[in-house]
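All remarks here apply to the structure that follows.
Right, dumping it as structure tokens:
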């Protein structure tokens, strides 16, 4: 192990001298992601809250045909204006967001006691149109229910007759589980940081040295190749672990500035969260470092290894797709799948749910087993004579 620690210190010292690798590993990856995440969430939330507080702009064509409807919309918080001659084209040209057209037969249908039709024009492909059309439809539904209740009362019928079933909401979501929706991408970003953190060191420690033709002189020393492997994996693990730790700290700071209270949510990324996440992330860091060292051993140039390990970064997307696209009830055996287990533990920790000792141990043990297998594979690659050849 003394030789391995010598190699470990050598790799760390050389990597710390590389400012580009240092910036990408310890600054850009762990800090830029949480910062952009915070800015994006705050902008989106503040924009939607401002829209909800401001009057809803609605351009109406034929407002004189339904004065009571227009008055009800104004009372509900709509800023009514006159619609252009062609409201559909105006919406497509983004001159207006919403248009309400009241047809010429509206008064006739209304006085006859029939359902009168109005036409709402909007563009659902515009991201800001979703909340706006939802507010407008809500206003129209409230007015429709009020008028319908009055029509029944005039006829001597209780309004409850038209609504034989009432649904009383009992939402079981907690503020913590709602807050987890804001941090839905946190598991993916932590796992991705694990792959990015030690990637440059893993490339330079093997493929880079082969390209510089410095690997052969190293293998010519009396030090065992397994010691070289252990030192390089330890250095890669140190870089990746530092990157993940900095990312966690960044998210802890970001969580304090998230507008969760404005949305009725709560975010707790304190000691309980760290106590659940850190034990499952450490084996993953070791597994990824061994895997990257193994893959880089087959590349002859730095660029070739960079391409191969770049493709390896697609792997963290798999558990995210499984959990997002294929919603299913969590089973105990899922925790035994590396990456998926980490995804589940981090998600449940964000929601404030109880993870349990058995699932936590399953994630740790299964990831350590896979880390051991990848390390054995890397060891076989390092003991091969083909690795020493630079050409």
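Numbering (the numbering used here), first residue to last: 15 to 405. Ideal placement from N, C-alpha and C gives every residue a C-beta, glycine not left out.
The Cβ-Cβ distance between residue 330 and residue 209 falls below 8 Å. Counting the other CB atoms within 10 Å of its CB gives residue 79 a total of 16 or more, which places it among the buried residues. With distances taken between CA atoms, residue 297 lies nearest to 383 out of 394, 383, 218 and 44. Judged by beta-carbon spacing, residue 84 lies within the 8 Å limit of residue 77, meaning their Cβ atoms are closer than that value.
For residue 75, the enclosing beta strand (DSSP E) starts and ends at 70-75. Secondary structure at residue 114: strand, using DSSP grouped into helix, strand and coil. DSSP places residue 95 in the strand class (E or B) of the three-state scheme.
Here residue 313 carries a coil assignment [DSSP, helix/strand/coil].
Counting along the chain, residue 202 sits inside the alpha helix (DSSP H) bounded by residues 200-211. Counting of Cβ neighbours within 10 angstroms places residue 101 among the buried residues, the total reaching 16 or more.
Between the beta-carbon of residue 310 and that of residue 323 there is about 7 Å, and that keeps the pair under the 8 Å contact cut. In this structure, residue 212 lies near residue 251, with their beta-carbon atoms less than 8 Å apart. Relative to the Cα of residue 73, the nearest Cα in the group 146, 140, 19 and 57 belongs to 146.
Residue 157: member of the alpha helix (DSSP H) spanning 143-168, first to last residue. Straight across, the Cα-Cα distance linking residue 28 with residue 392 is about 22 Å. Contact check for residue 23 and residue 191: beta-carbon distance about 45 Å, past the 8 Å limit, so the pair fails to qualify. For residue 120, the enclosing alpha helix (DSSP H) covers residues 120-125. The beta carbon of residue 359 sits closer than 8 Å to those of 290, 291, 294, 349, 369, 373, 374 and 377, all from its chain and outside the five residues before and after it, given in chain order. Residue state for residue 136 is assigned as coil, using DSSP reduced to three classes. Here the alpha carbons of residue 141 and residue 107 stand approximately 15 Å from one another. Distance check between residue 71 and each of 25, 263 and 110 places 110 closest, using alpha-carbon atoms only. DSSP, reduced to helix, strand and coil, places residue 289 within a helical segment of the structure shown. Inter-residue distance for residue 136 and residue 116 is about 15 Å (C-alpha atoms, whole angstroms). When the beta-carbon positions are compared, residue 86 and residue 112 stay at least 8 Å from each other. No Cβ-Cβ contact shorter than 8 Å links residue 316 with residue 205.
Out of 201, 129, 188 and 253, the CA that lies nearest to the CA of residue 219 is found in 253. The closest CA to that of residue 131, considering only 119, 166 and 282, is found on 119. When DSSP states are grouped into helix, strand and coil, residue 236 belongs to the coil group. Taking all protein chains shown into account, residue 246 has 16 or more neighbouring C-beta atoms within 10 Å of its C-beta and is therefore buried.
Sorting 367, 390, 385 and 380 by C-alpha distance to the C-alpha of residue 186 places 367 at the top. Relative to residue 189, the option among 122, 104, 396 and 279 whose CA is nearest is 279.
Using a 10 angstroms sphere on the CB of residue 225, the tally of other CB atoms reaches 16 or more, which defines it as buried.
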